[in-house]
């Protein structure tokens with residue numbers, strides 16, 4: 407599993423209906439993309455759920471990293487570049503993925519939180535602690551899916567969770583989910599990947 411996200415920050419007065427319409431008309435195009443585990447089409451709106459910005463920021467879990475590369479060099483991402491410029495793409499090596507009790511529902515939101523592994527800390531201990539937290543989170547009511555991944559270049563963990571309804575304030579940055587493409591969630595595996 408591989409996690410990926412890019413964020414397109416939009417002007418404060420941007421009409422977010424444009425993004426909603428874009429996802430409504432194009433979101434289904436990845437519903438059967440080979441190698442994709444899931445894509446949560448996420449947005450943040452200024453003044454909603456504590457967001458200071460308008461942002462389109464989809465989050466991906468890839469079952470096959472080659473599919474991620476195929477997407478980034480394909481027509482779909484060319485459209486993003488054409489319309490918004492080429493955003494930096496963050497990516498992390500998957501450590502954990504598990505569906506939660508709400509996996510059978512359509513998620514309405516996701517949370518994303520990053521955590522730097524301190525230079526003075528034992529990375530294995532920090533990761534083990536984070537994994538234990540995700541194992542507990544995976545059993546929490548309202549959780550659709552939860553995942554943990556690592557960027558070893560920056561020693562950063564990303565905590566990603568899809569929620570059936572509202573995201574708890576303590577979960578990190580909160581995003582509305584406009585659409586979920588999930589052609590290969592079964593191929594992501596479950597439990598610890600590490």
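Residue numbers (our numbering): 407 to 600. Glycine included, C-beta positions come from ideal geometry on N, C-alpha and C. This structure is a prediction, so every number in the text was calculated from the model and none was measured.
Neighbourhood of residue i by C-beta, 8 Å cutoff - its chain only, sequence neighbours within 5 removed
| i | result |
| --- | --- |
| residue 517 | 565, 566, 567, 569, 573, 574, 577, 578, 579, 580, 581 |
| residue 513 | 446, 550, 551, 568, 569, 570, 583, 586 |
Neighbour-count burial assignment, residue i, 16 or more Cβ in a 10 Å radius
| i | result |
| --- | --- |
| residue 482 | exposed |
| residue 554 | buried |
| residue 533 | buried |
| residue 504 | buried |
| residue 491 | exposed |
| residue 616 | Because the chain in this structure spans residues 407 to 600, residue 616 falls outside the shown range and cannot be described. |
| residue 464 | buried |
| residue 506 | buried |
| residue 374 | The displayed coordinates of the chain run from 407 to 600. Any statement about residue 374 would go beyond what the structure contains. |
Close Cβ partners of residue i (< 6 Å) along its chain, the five nearest in sequence each way excluded
| i | result |
| --- | --- |
| residue 493 | 412, 414 |
| residue 600 | Low confidence applies here, because residue 600 scores a pLDDT of 44, under 50, leaving its location unreliable; read the following figure in that light. Counting only Cβ-Cβ distances below 6 Å, and skipping sequence neighbours, we find 501. |
| residue 588 | 444 |
| residue 540 | 502, 552, 554 |
| residue 511 | 570 |
| residue 521 | 563 |
| residue 498 | 409, 555, 556, 557, 564 |
Beta-carbon separation (whole angstroms), residue i vs residue j, contact threshold 8 Å
| i | j | result |
| --- | --- | --- |
| residue 460 | residue 418 | 7 Å |
| residue 462 | residue 416 | 7 Å |
Contacting residues, own chain, Cβ-Cβ under 7 Å from residue i (five flanking each side not counted)
| i | result |
| --- | --- |
| residue 543 | 549, 552, 567 |
| residue 546 | 506 |
Which runs of the beta strand (DSSP E) fall wholly inside the segment 443–502 and span at least 3 residues, in chain order? The DSSP assignment places 460–462, 465–468 as complete runs of the beta strand (DSSP E) inside the segment 443–502, in order along the chain (cut-off: 3 residues).
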